[in-house]
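A.B. asks:
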Amino acid sequence: MSQQETHGFQTEVKQLLHLMIHSLYSNKEIFLRELVSNAADAADKLRYLALTDNTLFEDDTELRVRISTDKEKGTVTIEDNGIGMTRDGVIEHLGTIAKSGTADFFKNLSGEESKDSQLIGQFGVGFYSAFIVADKVTVRTRAAGADVNQGVVWESQGEGDFTVDTITKNSRGTEITLHLREEEKEFADDTRLRSIITKYSDHISVPVEMYEEGTPAVEATEEGGEAIPATEGQWKPMNKATALWTRSKSDISDEEYQEFYKHISHDYGDAATWSHNRVEGKQEYTSLLYIPSKAPWDMFNRDAKNGLKLFVQRVFIMDDAEQFMPTYLRFVKGLIDSNDLPLNVSREILQDNSITKALRSGVTKRVLGMLEKMAKNDAEKYQAFWAEFGQVLKEGPAEDFANRERISGLLRFASTHTNAAATDVSLDDYIGRMKEGQDKIYYIVADSHEAAANSPHLELLRKKDIEVLLMSERIDEWLINHLTEFKGKKLHSVTRGDLELGELEDADEKEAQEKLAGEAQALVERMKAALGAKVADVKVTSRLTDTPACVVAGEGEMSSQMIKLMQSAGQPVPETKPTFEINPHHPLVERLNNEQDEQLFANWADLLLQQAQLSEKGSLADPSAFIKLTNEMLVASLK
1 MSQQETHGFQ
11 TEVKQLLHLM
21 IHSLYSNKEI
31 FLRELVSNAA
41 DAADKLRYLA
51 LTDNTLFEDD
61 TELRVRISTD
71 KEKGTVTIED
81 NGIGMTRDGV
91 IEHLGTIAKS
101 GTADFFKNLS
111 GEESKDSQLI
121 GQFGVGFYSA
131 FIVADKVTVR
141 TRAAGADVNQ
151 GVVWESQGEG
161 DFTVDTITKN
171 SRGTEITLHL
181 REEEKEFADD
191 TRLRSIITKY
201 SDHISVPVEM
211 YEEGTPAVEA
221 TEEGGEAIPA
231 TEGQWKPMNK
241 ATALWTRSKS
251 DISDEEYQEF
261 YKHISHDYGD
271 AATWSHNRVE
281 GKQEYTSLLY
291 IPSKAPWDMF
301 NRDAKNGLKL
311 FVQRVFIMDD
321 AEQFMPTYLR
331 FVKGLIDSND
341 LPLNVSREIL
351 QDNSITKALR
361 SGVTKRVLGM
371 LEKMAKNDAE
381 KYQAFWAEFG
391 QVLKEGPAED
401 FANRERISGL
411 LRFASTHTNA
421 AATDVSLDDY
431 IGRMKEGQDK
441 IYYIVADSHE
451 AAANSPHLEL
461 LRKKDIEVLL
471 MSERIDEWLI
481 NHLTEFKGKK
491 LHSVTRGDLE
501 LGELEDADEK
511 EAQEKLAGEA
521 QALVERMKAA
531 LGAKVADVKV
541 TSRLTDTPAC
551 VVAGEGEMSS
561 QMIKLMQSAG
571 QPVPETKPTF
581 EINPHHPLVE
591 RLNNEQDEQL
601 FANWADLLLQ
611 QAQLSEKGSL
621 ADPSAFIKLT
631 NEMLVASLK
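Going by full-length UniProt numbering, the first residue of the sequence shown is number 1, and it counts up by one from there.
1) So for T86, helix, strand or coil by DSSP?
2) With 16 other CB atoms within 10 Å as the buried threshold, where does K115 fall?
3) Kindly indicate the opening and closing residues of the beta strand (DSSP E) around M471.
4) Measuring alpha carbon to alpha carbon, tell me which of F580, E581, M562 ends up nearest residue 647.
5) Suppose you measure from the CA of Q351 to the CA of V315; what does that come to, to the nearest Å?
6) D173 bridges to which residues according to DSSP?
7) Verify whether the separation of the beta carbon atoms of S338 and F311 is less than 9 angstroms.
8) How is the alpha helix (DSSP H) around T61 delimited, first residue to last?
9) Classify T356 as helix, strand or coil using the three-state DSSP reduction.
10) By the DSSP assignment, the alpha helix (DSSP H) with L461 in it spans what residues?
11) Tell me which residue opens and which closes the alpha helix (DSSP H) that H263 is part of.
12) Pick helix, strand or coil for R278, following the three-state DSSP scheme.
13) Taking just the CA atoms, how far does W297 sit from G101?
14) Pair every Cβ in the stretch 181 to 191 with every Cβ in the stretch 161 to 171, then say whether three or more of these pairs are closer than 8 angstroms.
15) Within 8 angstroms, do at least three Cβ pairs link the stretch 76 to 89 to the stretch 227 to 247?
16) Have a look at G151, K73, F260 and flag the residue whose alpha-carbon is nearest the alpha-carbon of L180.
17) Using DSSP bridges, identify the partner residues of F162.
18) Which class does L609 belong to by DSSP, given the choice of helix, strand or coil?
19) Would the stretch 126 to 139 count as touching the stretch 148 to 156 if we require 3 or more Cβ pairs under 8 angstroms?
20) Only counting the same chain, and skipping five residues up and downstream in sequence, which positions put a Cβ closer than 7 angstroms to that of W245?
21) Short of 7 angstroms in beta carbon distance, which residues of its chain neighbour K99, apart from the five on each side in sequence? Order them along the chain.
22) Please say whether A612 and Y578 have beta carbons closer to each other than 9 angstroms?
23) Tell me where the alpha helix (DSSP H) around residue 642 begins and ends.
24) Alpha carbons only, please: which of A402, R47, I30 is nearest the one belonging to Q313?
25) Between which residues of its own chain and K333 is the CB-CB distance below 7 angstroms, once the five residues before and five after are set aside?
26) Can you tell me whether E467 is buried or exposed, with buried defined as 16 or more other CB within 10 angstroms of its CB?
27) Should Q596 be labelled buried (16 or more other beta-carbon atoms within 10 Å of its own) or exposed?
28) What three-state label does DSSP hand F331 in the structure shown?
29) CB-CB under 7 angstroms to F389, same chain, minus the five flanking residues each way: which ones, in chain order?
30) Could you check what DSSP says for F324 in three-state terms: helix, strand or coil?
31) Could you check what DSSP says for T102 in three-state terms: helix, strand or coil?
32) Quick one: measure Cβ to Cβ for L178 and A130, integer angstroms, because I've assumed they're closer than 8 angstroms.
33) Nearest to R543 by alpha carbon, out of S493, K240, L531, R591?
34) Please report the distance separating the alpha-carbon of L16 from that of D161.
35) Got a sec? Which residues, its chain only, sit under 7 angstroms from P216 by beta carbon, not counting five neighbours each side?
See below:
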């Protein structure tokens, strides 16, 4: 009895299909790679589940993928005998994109073919690539272990809806038939498909088979030669069908490594670099790790599934095994194949397993080594990596104490000694350029590169040609709270009230500063009285040369950037008052010192304070009051 139903596609799927149908990809043959990859994954999943339930094999233990064509009908069929799907599974997986953040994904689509194809590749929706070449797709499937009468047929023309019905299907697994568009009939040619399989799927660890016709019969000759009997055709594998990571590195070409990367990552671009390594000894395992060239669209979603594919003795166990890779390296793709873990290992067992911890340590060091090698041997390539993944790597010093020094050496920052377009500098670069007598690494954190580069806090250091690291990403303030020193050099914020230049400031300068502070003491006390509870203290500063005043955070107090970071995260922030530093040499401060009207003095002092707070924080609690006060003082100055 028919149980046909019609369902509408999820909105995001409709958008995706629209892009597919309008030939988003210039390289249309990719559809076969994606569908074969999905079929191989289905075989891997069945092999894993059968470890605990051998009946799922249903007397058919030879896992494989088969591809066939029908030139007359203009169809291509990709069939596997893997895990298969239930009716509910079909509706869920082929009608919706079951991933968080789909709306954000589509906001990123630009309409530019090359960029959008990369996004869709990273999004991992390979099934829908069938509609690049087909105007109708039919899926017949049955879950392993289900009754033969619980098969399901799914069909769609890639428009607004799809139909689902119950069928009888004797064999488990999934069969996808593509009804090719007229202009795409070239893909119904066996020779064409064989070349695509060889190109993209040679690394697949299950056989990818196509049918080859047998030798036709030859009649006996008049001379008495014997007739040659016809032979039957047979299914023959088109790929090596050997797990790529088990082969010798010397036997694997760069092209094979890149295709395997695309298979496991669903990325349409090449990897930047990779490391294939076999470890023997106390633990025995093989790892194949890739650094992508481009960041995935959801990289900053720390809750998204990330991690390595886990194999045990070449048997697929799970995707996204996050236990083997720290969160700050979540962009790394690849796999780990262990000889020491049990075949029935679960996520829960992995969590507290000593072998897991040893493997995690090993692959983490391997990735850091890859990045160090890239940074040393190809600065331009590393700068491109940093532009994509630098903000995530900055999470490392706080998360991985054991590797903090190595991670810190991989960090890059803008600097007062480079321009905005130049290559960012490392902490080693900075130390190598430190002036004689300098014992600190100076830095500033601001809302933007421009705000950092033009901060008044840099005036004295720029005059002395002392390099300052310019930090302007949201994570920088959080990073710097965990990265307090590097190779024995303490990191010091130039916005702190305790700016000490040590041997960089000579005795004459110190003496002049002390004399200036004494001469301006009356002005300082007057400003303290005028500003009252608005400030924690008022001081004379030597850090300013062109600016009348600035605000700084006292020792142990939160910086303005940390306060913003906590507020944006909805965290409570303790009330703080700034220390107000004035430059007695500035004409405005000199004019203020001579002001006899106490109300005008208080207004000018308040105006300078709010200007300094605006420069430091980028905003004011009450901008309207600031504008009103500014206008009043302008009017008064014109009288």
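Note that beta-carbon positions come from the ideal geometry of N, C-alpha and C, so glycine has one too.
C.D. replies: To lay it out plainly:
1) coil
2) For K115, the predicted structure reports a pLDDT of 47, less than 50, and the residue's modelled location is therefore unreliable. A value from the coordinates is still provided. Classification for K115: exposed.
3) 468 to 471
4) Examination of residue 647 is not possible in this model, given that the chain is present from 1 through 639 alone.
5) If I take the Cα positions, the gap works out to 20 angstroms.
6) In the sequence under discussion, the amino acid at residue 173 is Gly, which differs from the Asp named in the question. In the DSSP output, where bridge partners are listed per residue, G173 has R142.
7) Yes, they are a contact pair.
8) Note, T61: premise wrong, no alpha helix (DSSP H); not H, not E.
9) helix
10) 459 to 463
11) 254 to 265
12) DSSP places R278 in strand when its eight states are reduced to three.
13) Because G101 carries a pLDDT of 40, less than 50, the predicted location of this residue cannot be relied on, and no value is offered for it.
14) no
15) no
16) K73
17) H7
18) Three-state result, L609: helix.
19) yes
20) So the list reads H276, T286, L288, L335, D337, once near-sequence residues are dropped.
21) Interpretation of K99 is limited by its pLDDT of 46, a score under 50 that renders its predicted location unreliable; the figure taken from the coordinates is listed afterwards. Sequence-distant Cβ neighbours of K99 in its own chain, meaning closer than 7 angstroms and more than five residues away, do not exist here.
22) Reading off the sequence, residue 578 comes out as Pro, not Tyr. Yes; because the gap between Cβ atoms is below 9 angstroms, this pair is in contact.
23) This structure cannot settle anything about residue 642, because the visible part of the chain is limited to 1 through 639.
24) R47
25) Y261, I264, S265, Y290, P292
26) buried
27) exposed
28) coil
29) A295, F331
30) helix
31) Low local confidence applies: a pLDDT of 45 at T102 is under 50, so the model's placement there is unreliable, with the coordinate-based value given in what follows. T102 falls in the helix class under three-state DSSP.
32) 5 angstroms
33) S493
34) 13 angstroms
35) Leaving aside the five residues that flank P216 on each side, the residues in its chain whose CB is nearer than 7 angstroms to its CB run, in chain order, A230.
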